[in-house]
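The block underneath contains the structure these notes are about, expressed in structure tokens.
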Amino acid sequence: MTVETGTPATIVDTIQHEIPGIKVTKQGERRLRIDVARDSLPALLELLKGRLGFIHLSAISCVDWPETDEFELVYHVWSYERKTLASAHITIPRNPGRFVSVYDIHTPAGFYERDIHEMFGVVFVGAPNLRPFILTSWGGPPPMLKSFNTREYVNQTYEWVDYQPDWLKDVEAKGGGVEK
Amino acid sequence: MEQKGTKTRPRKLYEVPNMDVTPKNKGSFLRPLKALSFLFREPVTLPMEPRPAAENYRGFHVNDWEKCIGCGTCAEICDNEAISMVHIPDLPEDHKNGIKPRRPAIDYGRCCWCALCVDICPTGSIALSREYIHISREMNTFFILPDEKGMHGLGYPIGWGKNEDSDLLDLKRQPMGEVEPEARSDNFDEIVDGFDAHTALIEASRCIQCGMCHEACPTNMHAPQYIRAIWEGNVEKAVEEIYRTNPFPQVCGRVCTHRCETACSIGRRGEPVAIRWLKRYAIDAVSPAKVKKIALADKAKKKSGKKVAIVGSGPAGLTTAFDLAKLGHAVTVYESKEKPGGMMRYGIPEYRLPYDKLDADIAVIEAAGVAIECGKAIGRDIGFDALRSDNDAVVVATGLGQGRSTRIPGSDQPGVFSAVDLLARVTAGESFDLKESAAVIGGGNVAFDIARSLARLQKKTFGKVDVTLVALEARDRMLADEEEVIEGGEEGVKVFTGRGPKQIVVENGAIKGLETVLCLSIFDEEGRFHPKYDEADVILHPAAMVVEAIGQATDVSYLGKDVTEALEWERGRIKIGRDGSTAVPWLFAAGDMVEGPDVIHAVAAGHRTASAIDTFLGGGSSKLEAAE
Amino acid sequence: MRPENYRPVSHPPSHEYELYFGPNHPGIEGNYAIRVRLKGDEVQEAIADGGYLHRGFEKIMEERLWIQNVALVPRICVPDPVPMEECYSRAVEQLGGLEVPARAQWIRVMMLEMSRICAHLFTFGGNAATIGFYTNMFWGVSMRDLFLDLFEEITGARIYHMYITPGGVRRDLPEGLLDRLAALLDDLESRLPDFEDLFFSNTVVINRATGTGTISAEEALAWGVTGPNLRASGLPFDVRRDDPYLVYPELEFEVPTMKDGDALARMMVRKAEVLESIKILRQVIARLPHIEGPVRCPLPNPLAWNIPAGDTFARVESSKGELGFFVVSTGGAKPWRVHVRGPSQMHAVQVLERLLARGRLEDIAQIMFSLDACPPEVDR
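Protein chains in written order, with my numbering: chain R, 1 to 180; chain L, 181 to 808; chain F, 809 to 1188.
Quick look at the structure:
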């Protein structure tokens, strides 16, 4: 593996040289934010991993933005030598929520893509395993979507305990009671 | 210490590890048998009783019912919604002091013992005890109403209680800028700067939305709502919330007696939220045109065809007028003075309430369609009978315009003034015989208003201040607001407390000074006003003029003989119902002349009266709404 | 006795069979299951099956005020709750621009290292139990209990401390706590030879754990292995040193590593880390009394507390590896999104599946525990 050494500035230079139209922002000493067009993301991850040493995929985060009808996918990659975390942000349309898997670049993506598929319903084309993992007996919509209302679901699904302790009966007899 | 941890070693990616903890330290295979030696050690024995919990322990709740005010903030912060408030009719309810008859109940099926309820409690009544064992098959035993003895009444000591480190409430107010005493002592410029957007936001963020202020306010202003709106940066929403109950935001944002702040839960252990200044911030931050639009959004589009006359343009009269005009009635307000506003203009000095701010409030009221006829005194310019015959209803709200006299020797001298009279002259810019030294009798806000006004005039005219204020009450029981006493002192007013006026000393027709005696007690055993003095303890306060500020009375001679006789009276005041109705069906009364004591009460009375008149006139509001 | 209606089911002849491991196997920290396909005692395929501890934390956190989540986050990992509090709090601090006072930073380091020791002691016990050494488990758990006593003193709770909060910690240390901590560290150190005799230098243990569940350095990097498991494969990476937070740069400590990458190496790395944590705690005990000041920066009223819009990724080295919180704020009173990246999400799923596929039936529990995987962290 060949690794180019250098400061974050050269990371920025390299990325910007290779992938035009990309926006790189330094956010603190060891943090880079990269805003990239979704089609360029695999190339960016390849570049970061192959040329700049960002070999550790720390996480893939998904954020639901109903207002713009988009999912934001954030790929956090860490370089052990440069001691820098680069977070690559892309957006994909919500309907259909589809994106290409990066499992072939980063093995850990397998878990995160499966998780995002389960929780947000995003389909990752080429992902090795999108079978349900946590919600194996769940029939409802992907629960992490903002449109899924937990409280509503709980109220529909469960019964609240109706406590009737003696003290409450006394209070109710006097005209008081639990305030809603 | 040298920062050793930061040293970076030159290291390649697959460098040989820096510390190989070489294991495979295989000993004899008998080595593990050493553990058998434990067989001969003394066994650890623990008593069967529950182990005492740590001092900080977060066990079952305790709640001191004496301290608890039922604000419900614990229920608000509870992340599991484990706390609900229980209304307990036996408990005292005190809106003025912010106490609600309810206490928190806790569902131990939901509680996670995070103790955020403890950290946020405004009173410090709730705490987590060091009790931690409860075993039962009975579900109902898991829903408890804790008192200071805890869920089993065992009186375990407090574990996680109120603590300065973990307190989540901001007990300090945002500082309020004021004009320095030197800069304000010779003019009538407004003293208080008001919040800027940033400090207002921070101050608004202190509010815990418990609503005690709403209950305490005579007109039930929606303070929690407008404070939240200010915090959200939505001042227009705040103004909308304010106008729901109060057409005098500029006035009340400056001079309100702020009952809300007295009741504020944050004030239990800290400084209450500056609700009054927040109101002022909101109204100052919105343009007058926009305020009008917001305030008149609910104005009825159709006219009712009914006419109402209102005598007096103080807060009670104008609030009544504003409400009635919005309901579609034709309202005319008659004011004997040159400008509208009553005591707000002629009683409150300009340094507390600039006239243009009052004008702004009144402009909104006029925009609602209220006609204000100034310089028209009923009884002098227009007969009361004419009012009666021209209108469907009449409201009298003429306030307390007459100063009371002490009637001590010398009080009939020229050079002895009544405070209300003099304050009105200051406002009107009328000249009077200002002396280089003055004494003020009285310890209320009016006494300070005139004392501080005189101080300013003296400073402007003579370059120095010589005003003495003599109050009957002791310093810690002064009737005036604390800030009045402090600011008055800063402006050079000399305050004598616990002294009663004996006589005004006159020599050769000129006032020489005010003689006072030590006051031993103000009330007799039955609680009646009956001061006792130590006649031996006499002080002469040199002064060339004396102002009496010991209270005001009303003048209702304009009513005429017939109406006066038809009305019911109670200790010199017209007897009214809660809605301002009198014994004469078409006549209503509101404000200081019947109730007192301040602007916000007058506003509240105005709303009640307007609503009663609307009903009297046939419920214009509901009919109009139905017609739309 | 067979019931009367028993009819034996006949299967087609096969050498393979499926076995369900879990979901409440004692060799696993928390409920988790593994479905293994075996041929004799050789594992052909292993499929991790989570979700038994799913409580929807990430979703619930979107419904709660910033301060309320303090009560929720420690529950994400039972054996090692403090890093969760630290990581969440730091994410909020980064978004809200809060400065943590020096004293609070040192207290937080103390809490984190105490929690690390607790977690490792727990794993000592668990590791031992998976191969039948229950005595070692009892010792480990009872030692851990003494630390829990101190947690109880500091925070009022033994496991879910809810003590670290955005801006600092909730209250200062009780009188004399550092002395008691120092005594406990001495006690722990004096007990370590017992562990050594019974377990770590036990011929049976060493023979049993050597070569079990081996991960090469290349595999560790490719599979996203972090923490002690990564270091056991010879890679000296530690968030505390590489991406430092709090006052770790001021502390002297080593990052222990092993080369072999097997169950034994992972155990040994953890043992060495306990010693490093003791070292760090002793430095804290020496320094903390000289650091005065508040333990929390002023916070706004938690009921009216908006965090400026933005997103951040906060990282902490937990006892299990790299813990990350990706927090998104839209400027409101509640987080818009909180994504928890637990190290076990790698270790307990893809890494575990791969390692088990190389192992045998009797290794399954040991491999799972040697990875110190924490199922609640996977399920959230």
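All C-beta atoms, glycine included, are put in the ideal place defined by N, C-alpha and C.
Taking residue i as the query, report the chain F residues whose CB atoms sit under 7 Å from its CB, ordered along the chain.
| i | result |
| --- | --- |
| residue 134/R | 858, 859, 862, 1187 |
| residue 57/R | 1032 |
| residue 87/R | 1121 |
| residue 339/L | 964 |
Along chain R, which residues have their Cβ under 8 Å away from the Cβ of residue i?
| i | result |
| --- | --- |
| residue 871/F | 150, 151 |
Label residue i either buried or exposed according to how many other C-beta atoms from any shown protein chain fall within 10 Å of its C-beta, with 16 as the threshold for buried.
| i | result |
| --- | --- |
| residue 1108/F | buried |
| residue 10/R | exposed |
| residue 253/L | buried |
| residue 1037/F | buried |
| residue 184/L | For residue 184/L, the predicted model reports a pLDDT of 40, less than 50, meaning its position is unreliable and no value from the coordinates is stated. |
| residue 919/F | buried |
| residue 161/R | exposed |
| residue 768/L | buried |
| residue 666/L | exposed |
| residue 356/L | exposed |
| residue 507/L | buried |
| residue 564/L | buried |
| residue 1015/F | exposed |
| residue 834/F | Bear in mind that the predicted position of residue 834/F carries a pLDDT of just 48, short of 50, making it unreliable; the figure below should be weighed with that in mind. When all chains shown are included, residue 834/F counts as exposed. |
| residue 825/F | exposed |
| residue 373/L | exposed |
| residue 264/L | buried |
Which residues of chain L have a Cβ atom closer than 8 Å to the Cβ of residue i, listed in chain order?
| i | result |
| --- | --- |
| residue 1115/F | In chain order: nothing, as chain L lies at least about 13 Å away. |
| residue 164/R | 320 |
In chain F, what lies closer than 8 Å to residue i by C-beta?
| i | result |
| --- | --- |
| residue 83/R | 1050, 1051 |
| residue 30/R | 1051 |
| residue 256/L | 1111 |
| residue 97/R | In chain order: nothing, as chain F lies at least about 15 Å away. |
Give me whichever residues DSSP pairs with residue i in a beta bridge.
| i | result |
| --- | --- |
| residue 1149/F | 1132/F |
| residue 647/L | 618/L, 673/L |
| residue 282/L | 267/L |
| residue 65/R | 70/R |
Residue i versus chain R: which residues are under 7 Å apart at the beta carbon?
| i | result |
| --- | --- |
| residue 289/L | 161 |
| residue 268/L | 171, 176 |
| residue 1194/F | Absent from the model: residue 1194/F. The displayed extent of chain F is 809 to 1188, so no value can be given. |
Please list the partners that residue i has in chain L, where partner means a Cβ-to-Cβ separation under 7 Å.
| i | result |
| --- | --- |
| residue 78/R | Ordered by position in chain L, no residue passes the 7 Å Cβ test against residue 78/R, which lies about 13 Å from the chain. |
| residue 879/F | 259, 292, 294, 296 |
Give, in chain order, every residue of the stretch 886 to 898 of chain F whose Cβ lies closer than 7 Å to some Cβ of chain L.
Within the stretch 886 to 898 of chain F, no residue has a Cβ lying closer than 7 Å to any Cβ of chain L.
Touch check for the stretch 81 to 95 of chain R and the stretch 29 to 40 of chain R: three-plus C-beta pairs under 8 Å?
The stretch 81 to 95 of chain R, when compared against the stretch 29 to 40 of chain R, does touch it at the 8 Å Cβ threshold.
Evaluate contact between the stretch 523 to 543 of chain L and the stretch 714 to 721 of chain L, counting only Cβ atoms and requiring at least three cross-stretch pairs below 8 Å.
No: fewer than three Cβ pairs fall under 8 Å.
Do three or more CB pairs link the stretch 1092 to 1103 of chain F to the stretch 1118 to 1129 of chain F at distances below 8 Å?
Contact fails: fewer than three Cβ-Cβ distances are below 8 Å.
Would you check if there are 3 or more beta carbon pairs closer than 8 Å linking the stretch 638 to 654 of chain L to the stretch 377 to 385 of chain L?
No, the stretch 638 to 654 of chain L does not touch the stretch 377 to 385 of chain L.
Residues of the stretch 1150 to 1178 of chain F in Cβ contact with chain R at a cutoff of 7 Å, in chain order, please.
Residues of the stretch 1150 to 1178 of chain F with a C-beta atom less than 7 Å from some C-beta of chain R are 1153, 1154, 1157, 1158, listed in chain order.
Counting Cβ pairs closer than 8 Å, one from the stretch 430 to 445 of chain L and one from the stretch 266 to 276 of chain L, do we hit at least three?
Yes, the stretch 430 to 445 of chain L touches the stretch 266 to 276 of chain L.
With a threshold of 8 Å, are at least 3 pairs of Cβ atoms found where one atom belongs to the stretch 1125 to 1133 of chain F and the other to the stretch 1045 to 1054 of chain F?
Yes: the two stretches touch, three or more of their Cβ pairs being nearer than 8 Å.
With three or more C-beta pairs closer than 8 Å as the rule, is the stretch 45 to 59 of chain R touching the stretch 13 to 22 of chain R?
Judged by Cβ distances under 8 Å, the stretch 13 to 22 of chain R makes contact with the stretch 45 to 59 of chain R, as three or more pairs qualify.
Are the stretch 479 to 496 of chain L and the stretch 519 to 528 of chain L touching, with three or more C-beta to C-beta distances below 8 Å?
Yes, they touch.
Cβ contact (3+ pairs, closer than 8 Å) linking the stretch 877 to 890 of chain F and the stretch 924 to 933 of chain F:
For the pair of segments examined, the stretch 877 to 890 of chain F was found to touch the stretch 924 to 933 of chain F: the number of CB pairs separated by less than 8 Å reaches three.
Contact set between the stretch 112 to 139 of chain R and chain F, restricted to residues whose Cβ is under 7 Å from the partner
Listed in sequence order: 133, 134, 135, 136.
Contact between the stretch 314 to 321 of chain L and the stretch 154 to 172 of chain R (3+ Cβ pairs under 8 Å)
Look at the beta carbons and you see the stretch 314 to 321 of chain L touching the stretch 154 to 172 of chain R: at least three pairs across the two are nearer than 8 Å.
Would the stretch 1060 to 1071 of chain F count as touching the stretch 998 to 1013 of chain F if we require 3 or more Cβ pairs under 8 Å?
Look at the beta carbons and you see the stretch 1060 to 1071 of chain F not touching the stretch 998 to 1013 of chain F: under three pairs across the two are nearer than 8 Å.
Beta carbons nearer than 8 Å to chain R: which residues of the stretch 313 to 337 of chain L have them?
Taking a C-beta cut-off of 8 Å against chain R, the contacting residues of the stretch 313 to 337 of chain L are 319, 320, 321, 322, 323, 324, 325, listed in chain order.
Any contact between the stretch 223 to 231 of chain L and the stretch 126 to 146 of chain R? By contact I mean 3 or more CB pairs, one from each, below 8 Å.
Judged by Cβ distances under 8 Å, the stretch 223 to 231 of chain L makes no contact with the stretch 126 to 146 of chain R, as fewer than three pairs qualify.
Could you name the residues of the stretch 1060 to 1093 of chain F whose beta carbon sits closer than 9 Å to any beta carbon of chain R, in the order they occur along the chain?
Residues: none.
Check distances from the C-beta atoms of the stretch 371 to 397 of chain L to those of chain R and list, in chain order, the residues that come in under 9 Å.
Hits within the stretch: zero.
Stretch pair the stretch 866 to 879 of chain F + the stretch 291 to 308 of chain L: three plus CB contacts closer than 8 Å:
Yes, the stretch 866 to 879 of chain F touches the stretch 291 to 308 of chain L.
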